[in-house]
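Have a look at the structure below before the remarks.
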Amino acid sequence: MNTEQVIKAIEDSFRKQVQKDDKVQNAYLMVHWEKADIHMNIAEGETRGITANPQQPNYMASVGKIFTATLIAMLHEQGKLSFEDQIIKYIDEDIAKKLHVYKGKDYTDQIKIKHLLNQTSGLFDNFWPLIDQMLENPDFNMSPKEAIIWGRDNLESKDIPGKKLYYTDTNYHLLGLIIERVTGKTFDQALKEYFFQPLDMKHSYVLHTSEPIEKCPYPMADFYFKGNRINDYQGYKGIDYAGGGVVATNEDLLKFMKALATYRLVSKETLDLMKQDKARFGIAIDYGYSIWQFKTIPIIMPKKFNCWGCVGATGAFMFYHPELDAYVIGNFNDVSYMSKGLMFMLKKVINNLTKLKV
Numbered sequence: 124m125n126t127e128q129v130i131k132a133i134e135d136s137f138r139k140q141v142q143k144d145d146k147v148q149n150a151y152l153m154v155h156w157e158k159a160d161i162h163m164n165i166a167e168g169e170t171r172g173i174t175a176n177p178q179q180p181n182y183m184a185s186v187g188k189i190f191t192a193t194l195i196a197m198l199h200e201q202g203k204l205s206f207e208d209q210i211i212k213y214i215d216e217d218i219a220k221k222l223h224v225y226k227g228k229d230y231t232d233q234i235k236i237k238h239l240l241n242q243t244s245g246l247f248d249n250f251w252p253l254i255d256q257m258l259e260n261p262d263f264n265m266s267p268k269e270a271i272i273w274g275r276d277n278l279e280s281k282d283i284p285g286k287k288l289y290y291t292d293t294n295y296h297l298l299g300l301i302i303e304r305v306t307g308k309t310f311d312q313a314l315k316e317y318f319f320q321p322l323d324m325k326h327s328y329v330l331h332t333s334e335p336i337e338k339c340p341y342p343m344a345d346f347y348f349k350g351n352r353i354n355d356y357q358g359y360k361g362i363d364y365a366g367g368g369v370v371a372t373n374e375d376l377l378k379f380m381k382a383l384a385t386y387r388l389v390s391k392e393t394l395d396l397m398k399q400d401k402a403r404f405g406i407a408i409d410y411g412y413s414i415w416q417f418k419t420i421p422i423i424m425p426k427k428f429n430c431w432g433c434v435g436a437t438g439a440f441m442f443y444h445p446e447l448d449a450y451v452i453g454n455f456n457d458v459s460y461m462s463k464g465l466m467f468m469l470k471k472v473i474n475n476l477t478k479l480k481v
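Encoded structure:
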């Protein structure tokens, strides 16, 4: 295949995927591969009657976790904290009290920052139960701290710290509070200072919490859960927080991902640690410090799919393919694409890119 054929194959697949699925109201895709002279930034669908535009800001769901993890890594490099630190050094006593009780034993003082980062703390997940509460009650409003305490008082921890992966937003809510304690800034202020301003991410902000440096001429894309337009729920910010939260254009996200992959945010040594201190997430997936990595398994996961990045429940994804030196960023903006978005990226984007010889 030549470059034009690859671009057409990817674009056609993307548009057909959106057009055939009534659940998807709008979707966005960027492919950036300098060596092949490819920079595709496309959109399909609409937001409240307005045709989807590639320059629209997107809520990226758990892709935002990689911002949280990278900021923690930057603070680690600055000597302001360590991945090995116990979290009780940084969190308030009213949160820490019996935070992690498993089979009658309190393991709170054994949780380290690294356990939060790679989802091996063993803590409960407060996100989905609180989403259900929010949808039932439009006036729902809970701070991140209150959300953690609610989870502690109403849910059960899953395992001892450091043993195995259990994916939970609670871990990243705690990391957000640690960032606030260490920097002396609110989480959204810290993101602006460490990423949005220095990387010229002018149209990026935290959902329902902050404003972009420069107002975008296009509206934020709508995103949905079980037919509910979650943009409309102000209470969502308290249960999303540092576990997601980031709203950005694909061009802004590319600036972040390029800076991370080229060691402009953290050193190669630190980024390698963020990838290597990992836990098994699935048959062919490892999870580092918010970094998803695909492992080569013959037939199931060929080497051509070896890339790393982050995934969000709305069908959002942001990945770097080291062998190609290519970036793929996108979002289907519906929770029904939690897995389908990632599979689309692998089968319809990465698979086609690897057919091009440059």
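The numbers in the sequence shown follow the working numbering, run straight up by one, and end at 481.
Backbone N, C-alpha and C fix where the C-beta goes; we use that ideal spot for every residue, glycine too.
Computed from a prediction, not measured in an experiment: that's the story for all the values here.
Output the boundary residues of the alpha helix (DSSP H) element that contains Tyr-359.
That run of the alpha helix (DSSP H) goes 359–363.
Round the Cβ separation of Leu-204 and Ile-236 to the nearest angstrom and send it over; I've been treating them as touching at under 8 angstroms.
The pair is a contact, with the Cβ atoms about 7 angstroms apart (cut-off 8 angstroms).
Compute the Euclidean distance between the alpha carbons of Val-389 and Gln-142, then round it to the nearest angstrom.
The straight-line gap from Cα to Cα measures roughly 40 angstroms.
Please work out which residues of its chain come closer than 8 angstroms, Cβ to Cβ, to Asp-400, disregarding the five sequence neighbours upstream and downstream, and give them in chain order.
Once the five neighbours on either side are set aside, the close Cβ partners of Asp-400 are Phe-206, Lys-237, Leu-240, Asn-241, Gly-411 and Tyr-412.
What is the DSSP secondary structure of Ile-423, counted as helix, strand or coil?
Correct three-state label for Ile-423: coil.
Is the stretch 370–378 close to the stretch 162–181, with three or more CB pairs under 8 angstroms?
Taking 8 angstroms as the limit for Cβ pairs, the verdict is that the stretch 162–181 does touch the stretch 370–378.
If you draw a straight line from the C-alpha of Met-324 to the C-alpha of Ile-336, how long is it?
Going by the C-alpha atoms only, they are around 8 angstroms apart.
Closest to His-296 by CA distance: which of Leu-278, Glu-269 and Lys-471 is it?
Nearest option by C-alpha distance: Glu-269.
When you compare only the Cα positions, how much space is there between Ile-473 and Asp-232?
Each residue's Cα considered, the two are about 42 angstroms apart.
Return helix, strand or coil for Phe-404, following the three-state DSSP convention.
Strand.
For a quick check, are the C-beta atoms of Ala-150 and Ala-436 less than 8 angstroms apart?
No; because the gap between Cβ atoms is not below 8 angstroms, this pair is not in contact.
Would you give the residue range spanned by the beta strand (DSSP E) that Val-369 belongs to?
Unbroken beta strand (DSSP E) run through Val-369: 369–371.
Following the continuous alpha helix (DSSP H) through Gln-312, name the residue where it begins and the one where it ends.
That run of the alpha helix (DSSP H) goes 310–314.
So within the stretch 175–230, which uninterrupted alpha helix (DSSP H) runs reach at least 4 residues, ignoring any that extend past its ends?
Listed in chain order, the complete alpha helix (DSSP H) runs (minimum 4 residues) inside the stretch 175–230 are 188–200 and 216–219.
Among the residues of its own chain, which have a CB less than 8 angstroms from the CB of Leu-288, if the five just before and after it don't count?
For Leu-288, where only same-chain residues beyond five positions count, the Cβ hits under 8 angstroms are Asn-241, Gln-242, Thr-243, Ala-402, Arg-403, Phe-404 and Tyr-410.
Are the beta-carbon atoms of Glu-134 and Ile-165 separated by less than 8 angstroms?
Yes. Within cutoff.
Does the beta carbon of Ala-196 come closer than 8 angstroms to any beta carbon on chain D?
Protein chains in the displayed structure number just one, and chain D is not present.
Looking only at its chain, what residues have a beta carbon closer than 8 angstroms to the beta carbon of Leu-198, apart from the 5 residues adjacent to it on each side?
Within the same chain, Leu-198 has close Cβ partners Leu-204, Ile-302, Val-305 and Thr-306.
Considering only their Cβ atoms, is the gap separating Met-397 from Ala-196 smaller than 8 angstroms?
Yes; because the gap between Cβ atoms is below 8 angstroms, this pair is in contact.
Take Trp-156 as the anchor and find which of Leu-447, Met-461 and Gly-453 has the nearest alpha-carbon.
When only C-alpha atoms are compared, the closest one is Leu-447.
Let's see if you can read the secondary structure: which residues bound the beta strand (DSSP E) around Glu-167?
Run containing Glu-167: 161–170, per the beta strand (DSSP E) assignment.
For Ile-452, which three-state DSSP category applies?
In the structure shown, Ile-452 sits in a strand (DSSP, three-state: E or B).
In angstroms, rounded to a whole number, what distance separates the CA positions of Ala-132 and Lys-471?
So the two alpha carbons sit approximately 8 angstroms from each other.
Name the two residues that bound the continuous alpha helix (DSSP H) containing Tyr-295.
Counting along the chain, the alpha helix (DSSP H) containing Tyr-295 begins and ends at 292–306.
On a Cα-Cα basis, can you pick out the residue from Val-147, Thr-191 and Thr-174 that is closest to Gly-366?
The shortest Cα separation from Gly-366 among Val-147, Thr-191 and Thr-174 belongs to Thr-191.
Which residue from Asp-363, Asp-144 and Phe-346 puts its Cα closest to that of Asp-355?
Among Asp-363, Asp-144 and Phe-346, the Cα nearest to that of Asp-355 is on Phe-346.
Under the rule that 16 or more other beta-carbon atoms within 10 Å means buried, what is Asn-264, buried or exposed?
With fewer than 16 other Cβ atoms within 10 Å, it is exposed.
Since Asp-363 and Ser-333 are thought to touch, with beta carbons under 8 angstroms apart, how far apart are those beta carbons, to the nearest angstrom?
Rounded, the Cβ-Cβ distance is 13 angstroms, inconsistent with contact.
Going by DSSP, what residues sit across from Cys-430 in a beta bridge?
None, per the DSSP bridge assignment.
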